[in-house]
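Protein chains in written order, with my numbering: chain A, -8 to 280; chain B, -8 to 280.
What follows is one structure encoded as structure tokens, with my remarks underneath.
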């Protein structure tokens, strides 16, 4: 079983996690969470989102959060950016990296951002150009890469096309995201292998949910296919709006634990991660009461 | 990614699951559960246990349960048998298969059955001999094959030795069990590969728990190493006495769902399995109130 010796875990709880939780975590607590994660050894954290506050009220305090977090050398904080306006806010906040998301299903892209895939890509190309000038890294995510809640199956050719477009416009990394948690390991292995084969040199990351207990099995398949960057969410924060009661992103502590058990280096202190998760759970529970 | 085209799922919820739950499921409901599982397509079900009722009061009704369940042709019900006395009860009940468990850690075997490994094996050889005469199949399980709550790591050489002893005494199948849910996929792949290499022709099964979300990842690794028989427990029944709050056996519905998604044939009707699990959950919750 051939696995990479080293893996980068990108913590997405503060953004993808919290935006799907039914409570608002106070700005100070968000910053505290991010600082705890930095102390636990994360070098890459998706910290917040520059979408319109009316859309995602949970993250309405993006600027304030970023003012409160430490940014030690070597730590790369990123933020989701849906459009040029969001990009301008991101620039002003001094963020090191932005994340742009386009869906591999036309219908999902329309429901998600009220635009066609083509319109998204046109906007993203302009943002990527601007980011190059501003010295900001761009991460491109392909949502619903393994299945869509509206159209069902997704053509791997579509995923390859979008990954290619994002890579060509200058993204430093392309993320294949199983947005609704419907991927299976064989599919993951096939799609990842196809993308790596068709787009030589592409830096690929994978983003899984744990909807039916398959999250870590999908990680294992992606590792075997050659992925060495994974998103995960502290405490399994986040859910899936299309699967009530289902778990959200794969839990960071589960991912880090599995990688450590398999002697794959992550540079992350599992004990500290678990402390972060425990603390966060208590805060979250308090807010839900 | 090379996987077997077909996998046998052995449902162990009625035994390994229920014995670790804090409630007693009435005899009639146990039989109903087993009958539902048969209708869902399971050909092999670990139905109960012939241990002393004082030890496992949850399964004190072994004989009564077996009187109430259907035994259509092609369906193989089995029962755990700890010793010769249990074997006699099993014979009288007309069971088709027995399961004998020995631990790969001396300390765990003592804590579990109050005997040394050697004493267990001696007893098992006699039982296996009797079973051959009685036309009863014998399944041999190696508990704590991937780690022990008392001694920690377990030498794969010990696992190979026990698997070999069980196979040689006439077991039709040997189960490598991750009794406390501490295995990781790389370890699973290595240990399974080593056992298959050292004991040519052995029929191997695997039994995983989902303690830290790694259950299905371990299944994937075992599949890749060549295992095509897996234990699982309806609704994820069962727990781990050494990990409070942790999930139990891998949930049958998760396993069947993953296998179906990967086009691995199981012959099991997932919709019926989920109905079984839902019904059982309601019964269990009622009993816990």
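Glycine is no exception: its CB is placed at the ideal position from the N, C-alpha and C atoms.
Small disclaimer: the values here were computed from a predicted structure and weren't measured.
Look at the stretch 250 to 280 of chain A: the residues with a C-beta under 8 Å from a C-beta of chain B are 252, 253 and 254. At a cut-off of 9 Å, the C-beta of residue 7(A) has no neighbouring C-beta in chain B.
Just measuring C-alpha positions, the residue of 137(A), 125(A), 58(A) and 157(A) sitting nearest residue 193(A) is 157(A). The stretch 198 to 214 of chain B and the stretch 256 to 276 of chain A do not touch, with fewer than 3 CB-CB distances between them shorter than 8 Å. Residue state for residue 195(A) is assigned as strand, using DSSP reduced to three classes.
Only those residues of the stretch 23 to 57 of chain B whose C-beta falls short of 8 Å from the nearest C-beta of chain A would be listed, and there are none.
In this structure, the straight-line span from the alpha carbon of residue 121(A) to that of residue 109(A) is close to 19 Å. For the pair residue 180(B) and residue -8(A), the CB atoms are nearer than the 9 Å cut-off.
CA-to-CA, the gap between residue 172(B) and residue 272(A) works out to about 23 Å.
Secondary structure of residue 115(B) (DSSP, three-state): helix. In summary, residue 44(B) is exposed, with fewer than 16 beta-carbon neighbours lying within 10 Å of its beta-carbon over all protein chains present. About 25 Å separates the beta carbons of residue -5(A) and residue 228(A), which is beyond the 8 Å limit, so they are not a contact pair. Annotated three-state conformation of residue 69(B) is strand, per DSSP. A Cβ-Cβ contact shorter than 9 Å links residue 178(A) with residue 252(B). C-alpha of residue 207(B) to C-alpha of residue 222(B): approximately 12 Å in a straight line. In this structure, the alpha-carbon of residue 118(B) lies about 10 Å from that of residue 112(B).
Apart from sequence neighbours up to five positions away, the residues of its chain that approach residue 144(A) with a beta-carbon distance below 8 Å are 138, ordered along the chain.
Residue 104(A): member of the alpha helix (DSSP H) spanning 97 to 104, first to last residue. Excluding five sequence positions before and after residue 115(A), the CB atoms of its chain that fall closer than 6 Å to its own CB belong to 91, given in chain order.
Looking only at 123(B), 54(B) and 226(B), the smallest Cα-Cα distance to residue 268(B) is reached by 226(B). Scanning 27(B), 5(B) and 69(B) for the CA closest to the CA of residue 50(B) turns up 5(B).
Under the three-state reduction of DSSP output, residue 173(B) falls in the coil class, being neither helix nor strand. In the DSSP assignment, residue 168(B) forms a beta bridge with 198(B). Residue environment: residue 276(A) is assigned as exposed (fewer than 16 neighbouring CB atoms within 10 Å of its CB, all protein chains considered).
Contact between the stretch 26 to 43 of chain A and the stretch -3 to 15 of chain B is absent: fewer than 3 CB-CB pairs across the two stretches fall below 8 Å. Inter-residue distance for residue 149(B) and residue 95(B) is about 6 Å (C-alpha atoms, whole angstroms).
Following the DSSP letters along the chain, one finds residue 151(B) in no beta strand (DSSP E) but inside the alpha helix (DSSP H) bounded by residues 147 to 159. Around the beta-carbon of residue 65(A), fewer than 16 other beta-carbon atoms lie within 10 Å, marking it exposed.
With a cut-off of 8 Å on Cβ pairs, the stretch 16 to 23 of chain A is not in contact with the stretch 66 to 81 of chain A, counting fewer than three such pairs.
The straight-line gap separating the alpha-carbon atoms of residue 166(B) and residue 169(A) is approximately 33 Å.
Counted as a single uninterrupted DSSP element, the stretch harbouring residue 257(B) is not any beta strand (DSSP E), since DSSP gives it neither H nor E. Cβ contact annotation for residue 82(A) (same chain, cutoff 6 Å, sequence separation greater than five): 125, in chain order. The stretch -7 to 27 of chain A is shown to contain whole beta strand (DSSP E) runs of 3 or more residues at -1 to 2, in chain order. Note that the C-beta distance between residue 88(B) and residue 35(B) is below 9 Å. Interface with chain B (9 Å Cβ-Cβ cutoff): residue 11(A) is excluded.
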